[in-house]
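Q: Numbering of the sequence shown is given in the working numbering, commencing with residue 50 and proceeding in unit increments. For each residue, glycine too, the CB sits at the ideal point set by N, CA and C. I am attaching a structure below and will ask some questions about it afterwards.
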Amino acid sequence: MADEAVFLRRPLLAAHPAPFPAWPDGFALFGLAEGEEPIVHALLRAAHGEASTHLADPADWWAQITRDPEFSRDLCLVVRDATRAPVGFALCWSGGFIAEIAVEQGVRGRGLGENLLRACLKALERLGAPHARLRCQVEPEDGPLRSAAARLGFVAE
Numbered sequence: 050m051a052d053e054a055v056f057l058r059r060p061l062l063a064a065h066p067a068p069f070p071a072w073p074d075g076f077a078l079f080g081l082a083e084g085e086e087p088i089v090h091a092l093l094r095a096a097h098g099e100a101s102t103h104l105a106d107p108a109d110w111w112a113q114i115t116r117d118p119e120f121s122r123d124l125c126l127v128v129r130d131a132t133r134a135p136v137g138f139a140l141c142w143s144g145g146f147i148a149e150i151a152v153e154q155g156v157r158g159r160g161l162g163e164n165l166l167r168a169c170l171k172a173l174e175r176l177g178a179p180h181a182r183l184r185c186q187v188e189p190e191d192g193p194l195r196s197a198a199a200r201l202g203f204v205a206e
C-alpha cells in the first residue's frame with residue numbers, strides 16, 4: 050500500500066488566487082537557513098517513516114535535490130514555532146510540483162499543514178507557474194493533507 054499514490058492538481062489562475070496563509074499564534078513562515086538541511090531531513094523522515102528510501106541519507110538527499118534544475122532555495126519553506134525551531138517544511142520545484150510537505154507530529158492539528166500548502170501555492174503563483182501538483186500517498190497518514198488540498202481546490206489528475 051505504501052507505493053500507491055494519487056496526484057492532485059490545482060490551477061494557479063489570477064482569477065482564482067490561492068488564499069494567503071493565516072498562521073496560528075506562535076508560528077511563522079521562514080526560508081531554510083544554511084546548515085538546517087539535516088534538521089528538515091529528520092522532520093521529513095519522521096513524517097514519512099523510516100522506510101522512505103529517498104530520504105535515507107541527509108547529505109545524499111540534499112545533494113540530489115540541489116542538482117535538480119527546478120531547485121530553488123527560495124522554494125524551501127520552513128514553519129517555525131515561537132522558539133524559531135523548525136516544525137514544518139515544504140519543498141517546491143519551480144515547475145509547480147510540491148515535492149515534500151511535512152509537519153512535526155507534536156504540532157499537528159493546528160492548521161500548519163494547510164497553511165504550509167497555502168504558502169506553497171502563493172510561492173508558485175509568484176513564479177508564474179500555471180498549476181500546482183501534489184503527490185499524496187493512499188494511506189491514512191496522508192488523509193489530512195488530501196483534505197487540506199481538496200479545501201484549496203486540488204483535484205485528482
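Measure the alpha-carbon distance for Pro107 versus Gly202 and round it to whole angstroms.
A: For this step, residue 107 is matched to residue 58 along the sequence shown. For this step, residue 202 is matched to residue 153 along the sequence shown. Pro107 and Gly202: Cα-Cα distance of roughly 33 Å.
Q: Checking the sheet assignment: what are the DSSP bridge partners for Glu149?
A: Mapped onto the sequence shown, residue 149 falls at position 100. Paired residues: Leu140.
Q: Tell me which same chain residues have a C-beta within less than 6 Å of the C-beta of Leu170, skipping the five on either side of it?
A: For the purposes of this step, residue 170 is identified with residue 121 of the sequence shown, where counting begins at 1. For Leu170, where only same-chain residues beyond five positions count, the Cβ hits under 6 Å are Ala67, Ala181.
Q: In the DSSP assignment, what residue or residues form a beta bridge with Arg129?
A: Residue numbering aside, residue 129 sits at position 80 when the sequence shown is read from its first letter. Answer is Ala77, Pro135.
Q: Using the C-alpha atoms, what's the distance from Asp117 back to Cys141?
A: Taking the sequence shown and counting its residues from 1, the one referred to as residue 141 is at position 92. Taking the sequence shown and counting its residues from 1, the one referred to as residue 117 is at position 68. Going by the C-alpha atoms only, they are around 11 Å apart.
Q: Can you tell which of Ile150, Glu119, Cys125 has its C-alpha closest to the C-alpha of Gly84?
A: The sequence position of residue 84 within the sequence shown is 35, counting from 1. For Gly84, the nearest C-alpha among the options comes from Cys125.
Q: Would you kindly work out how many angstroms separate the C-alpha atoms of Asp109 and Gly137, rounded to a whole number?
A: Numbered from its first residue, the sequence shown carries residue 109 at position 60. Numbered from its first residue, the sequence shown carries residue 137 at position 88. The alpha-carbon atoms of Asp109 and Gly137 are separated by roughly 21 Å.
Q: What does Cys185 pair with, by DSSP beta-bridge criteria?
A: Locating residue 185 in the sequence shown gives position 136, counting from the first residue. Looking at the DSSP assignment, Cys185 forms a beta bridge with Val55.
Q: What is the DSSP secondary structure of Met50, counted as helix, strand or coil?
A: Against the sequence shown, residue 50 aligns to sequence position 1. Because the pLDDT of Met50 is 42, which lies under 50, any placement of that residue in the model is unreliable, and the question is left without a value.
Q: At which residues does the alpha helix (DSSP H) containing Gln154 begin and terminate?
A: Here residue 154 refers to the residue found at position 105 when the sequence shown is read from its first residue. Unbroken run through Gln154: none, as it is neither H nor E.
Q: Look at Val89 and Leu78 and say whether their C-beta atoms are less than 9 Å apart.
A: For the purposes of this step, residue 89 is taken as residue 40 along the sequence shown, with counting starting at 1. For the purposes of this step, residue 78 is taken as residue 29 along the sequence shown, with counting starting at 1. Taking 9 Å as the Cβ cut-off, Val89 and Leu78 do not qualify as a contacting pair.
Q: According to DSSP, simplified to helix, strand and coil, what is Pro70?
A: On the sequence shown, position 21 is the one that residue 70 refers to. Coil at Pro70, not helix or strand.
Q: Quick one: give me the first and last residue of the alpha helix (DSSP H) that Ala197 is part of.
A: Here the question's residue 197 lines up with position 148 in the sequence shown. Start and end: 192 to 200.
Q: Could you tell me how far apart the beta carbons of Ala197 and Glu153 are, in whole angstroms, since I believe they sit closer than 8 Å?
A: Your numbering for residue 197 matches position 148 in the sequence shown. Your numbering for residue 153 matches position 104 in the sequence shown. Actually they do not touch by this definition, with Cβ atoms about 16 Å apart.
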